[in-house]
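Student:
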Amino acid sequence: MELYGFFRSSTSFRLRIALAWKGIPFESRPVSLPKMEHQAADFLAKNPQGLVPALVDDAGRVFTQSMAMIEYLDEVQPEPPLLPAGAEERWYVRAASQIVGCEIHPLNNVRVLKYLKNAYGLSDDRVNKGWYPHWIAEGLKGMEDFLLAQRRHGTYCLGDTFTMADVCLIPQIYNAQRYNCDLSAFPTVMKLFAAGAALEAVKKVEPSTQPDAF
Ligand SMILES: N[C@@H](CCC(=O)N[C@@H](CS)C(=O)NCC(=O)O)C(=O)O
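Encoded structure:
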C-alpha cells in the first residue's frame with residue numbers, strides 16, 4: 323500500500339492511524355500542499371479531485387475520501403475493527419466521525435483559508451485567529467454536546483472501544499492545537515483525545531514522524 327498524503331493533513335493522519343491500528347504496512351508518499359503538489363498532473367492522475375489522502379493498493383487501485391477508505395479497510399480487514407458490529411453503535415460512530423469530517427474539517431481546509439485571504443482580502447490574523455478557531459469551537463461544542471447527550475463514551479468515543487470516531491477526532495485536535503485554539507471548553511473531547519493520542523498506533527504515525535515533516 324502507498325499512502326499519498328501530507329504530514330499535517332488531518333485526513334492523511336486519519337488514514338495513517340487506521341492503517342497502523344490494523345497493522346497494514348504502507349509507504350508514506352508525501353504530497354506537499356504548500357508546494358501545490360496536490361494540483362500537479364501526476365497527483366491528479368491518482369485523485370482528480372486534487373485532495374489528499376489517496377491510497378494506492380498493491381494492484382494499483384486508487385482509493386480516496388478518508389472516511390470511505392476507513393470503512394473500506396474495515397470491510398476488507400475486519401480485525402481489529404474500527405466500526406462496531408451493531409447498527410445503532412455503527413450509526414453513533416459514523417455520526418461522531420461526521421461531526422469532524424463534514425462539519426469541522428471542510429470549513430478550515432487549506433483551499434477555504436486561502437480563498438478567504440485571496441478573494442476577500444482577510445489578513446492571516448483574521449483567518450488564523452478568527453475564522454479558524456471560531457469553526458473549531460462551533461464544531462467541538464457540537465461534538466462535546468453530542469457525546470454528553472449520547473452517554474456512550476468511555477476511554478474512547480464509544481465506551482472502551484477505539485473506533486473510526488477517535489480516528490477522525492484525534493487529528494482534528496492536533497490541528498486545533500497547532501492553531502493555538504482554546505480547547506478548555508471541551509473537557510470530554512479532550513479526555514478522549516488524550517487517551518487516543520497515547521496509543522502506540524497513533525504515536526507512531528503522528529505528523530512529526532512523517533518523512534515530509536518540517
Ligand atoms: N473529504 C475528504 C477531504 C480531503 C481534503 O480536503 N484533504 C485536504 C488536506 S486535510 C486537502 O487535500 N486540501 C487541499 C486543499 O484544500 O487545497 C477526505 O476526507 O478525504
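Following this note's numbering, the residues of the sequence shown are numbered contiguously, the last one being 536. Using N, Cα and C, we set each Cβ at its ideal position, and we do this for glycine too.
#1: DSSP three-state label for L337, please.
#2: Quick one: is the Cβ of R542 within less than 7 Å of any heavy atom of ligand 1?
#3: What are the boundary residues of the alpha helix (DSSP H) that includes F515?
#4: Look at T510 and H475 and say whether their C-beta atoms are less than 8 Å apart.
#5: Looking only at C-alpha atoms, which of N450, R416 and G382 sits nearest to D504?
#6: Name the residue from N440, G382, A407 and P493 whose alpha carbon lies nearest to the alpha carbon of R330.
#7: Quick one: is M389 buried, meaning 16 or more other Cβ sit within 10 Å of its Cβ, or exposed?
#8: For L521, tell me which candidate among T483, C424 and G464 has the shortest Cα-Cα distance.
#9: For E324, which beta-bridge partners are listed by DSSP?
#10: Is the beta carbon of V434 closer than 8 Å to that of L355?
#11: Starting from V415 and walking both ways along the alpha helix (DSSP H), at which residues does that stretch end?
#12: Quick check: does the Cβ of G461 come within less than 7 Å of any heavy atom belonging to ligand 1?
Tutor: By the coordinates alone:
#1: Locating residue 337 in the sequence shown gives position 15, counting from the first residue. The answer is helix: DSSP assigns L337 an H, G or I state.
#2: Here the chain comprises residues numbered 323 to 536, so residue 542 is not present and cannot be evaluated.
#3: Numbered from 1 along the sequence shown, position 193 holds the residue referred to as residue 515. From DSSP, the alpha helix (DSSP H) with F515 extends over P509 to A519.
#4: Looking up residue 510 in the sequence shown gives position 188. Looking up residue 475 in the sequence shown gives position 153. Against a cut-off of 8 Å, the Cβ pair of H475 and T510 comes out as a contact.
#5: As a working note, residue 504 is residue 182 in the sequence shown. The shortest Cα separation from D504 among N450, R416 and G382 belongs to N450.
#6: Residue mapping note: residue 330 aligns to position 8 of the sequence shown, counting from 1. Of the listed residues, the one whose Cα sits closest to R330 is P493.
#7: Working through the sequence shown from its first residue, we reach residue 389 at position 67. Result: buried.
#8: Here residue 521 refers to the residue found at position 199 of the sequence shown. Nearest of T483, C424 and G464 to L521, Cα basis: T483.
#9: Along the sequence shown, one-based indexing puts residue 324 at 2. Per DSSP, E349 and V378.
#10: Here residue 355 refers to the residue found at position 33 when the sequence shown is read from its first residue. Here residue 434 refers to the residue found at position 112 when the sequence shown is read from its first residue. Contact: no.
#11: Within the sequence shown, numbered from 1, the residue matching residue 415 stands at position 93. Annotation: the continuous alpha helix (DSSP H) that includes V415 extends over A409 to Q420.
#12: Here residue 461 is taken as the residue at index 139 of the sequence shown, counted from 1. Relative to ligand 1, G461 has its C-beta separated by 7 Å or more from all heavy atoms.
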